[in-house]
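Heads up: take any position in the sequence shown, counting from 1, add 15, and you land on my numbering.
Where is the CB? At the ideal position from N, CA and C, for every residue including glycine.
From a predicted model like this one, the values you see are computed outputs, not experimental measurements.
Worksheet: the structure to be examined is printed underneath.
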Amino acid sequence: MFMYFFPIALVVASNVVYNICQKSTPQGANPFSALLITYLTAALLTLLAFPFYKTDKGFFQSFNDLNWTSFALGAAIVGLELGYLLAYRVGWNISVGSLVANIILAILLIPVGILFYKEGFSVNQIIGAAFCLVGLVLINK
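Shown next as structure tokens:
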């Protein structure tokens, strides 16, 4: 049961720290300098954590299983990081900016899940999504 909930708890806790850090990045700092230090830190932590994920493949051999998604994810992460940093710099509140972005994201991922991953979407989920849209309108009024 722990391993079912742990990843979501990790995502939530990391997102809280992420948004606090993005909002707290100095206004005068070059966003790309901030991103460079962020990614160097992430690369170092990833390198240090690598030995703890046990597999039958060695370090260099493990890269053979990768495809285009790692490069696309890298580009997406830069867009995500830069987007949040700029959103906070132009005045989005930490309590609203992330909420608006994540509601829109959730709504946009519904057809992706249905069309590309053959996920079901129940009546309750449709009602929940409608509430999200209503909430989005109310938050931005």
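Spatial neighbours of residue i in its chain, beta-carbon cut-off 6 Å, leaving aside the 5 residues before and after
i, result
"G128", "E134"
"N82", "none"
Contact belief for residue i with residue j at Cβ below 8 Å, rounded distance in angstroms
i, j, result
"P41", "L100", "That pair is no contact at about 11 Å."
"N155", "V93", "Incorrect: roughly 26 Å between the Cβ atoms, too far for contact."
"K38", "I109", "5 Å"
"A144", "I125", "6 Å"
"E96", "T56", "Not quite, the Cβ-Cβ distance comes to about 12 Å (not below 8 Å), so this is no contact."
"T70", "S77", "7 Å"
Burial state of residue i (16 or more Cβ within 10 Å)
i, result
"Y103", "buried"
"G106", "exposed"
"G98", "exposed"
"S48", "exposed"
"G43", "exposed"
"S113", "buried"
Own chain partners of residue i with C-beta closer than 7 Å, once the 5 adjacent residues on each side are dropped
i, result
"V158", "The structure shown does not extend to residue 158, since the chain spans only 16 to 156, so no value can be given for it."
"C147", "I118, A121 and I122"
"P66", "none"
Residue-chain proximity (residue i, chain B), Cβ-Cβ < 8 Å
i, result
"Y54", "Protein chain content of the structure displayed is limited to a single chain, and chain B is not contained in it."
Worksheet entry | Length at least 4, wholly inside the segment 126–154: the alpha helix (DSSP H) runs in chain order | 138–154
Practice prompt. Please specify which runs of the alpha helix (DSSP H), each continuous and at least 4 residues long, are wholly inside the segment 34–79, giving them in chain order.
Written response: List check, alpha helix (DSSP H) in window: 46–64.
Worksheet item: In chain order, which continuous runs of the alpha helix (DSSP H) of length 4 or greater are located wholly inside the segment 96–121?
Response: none
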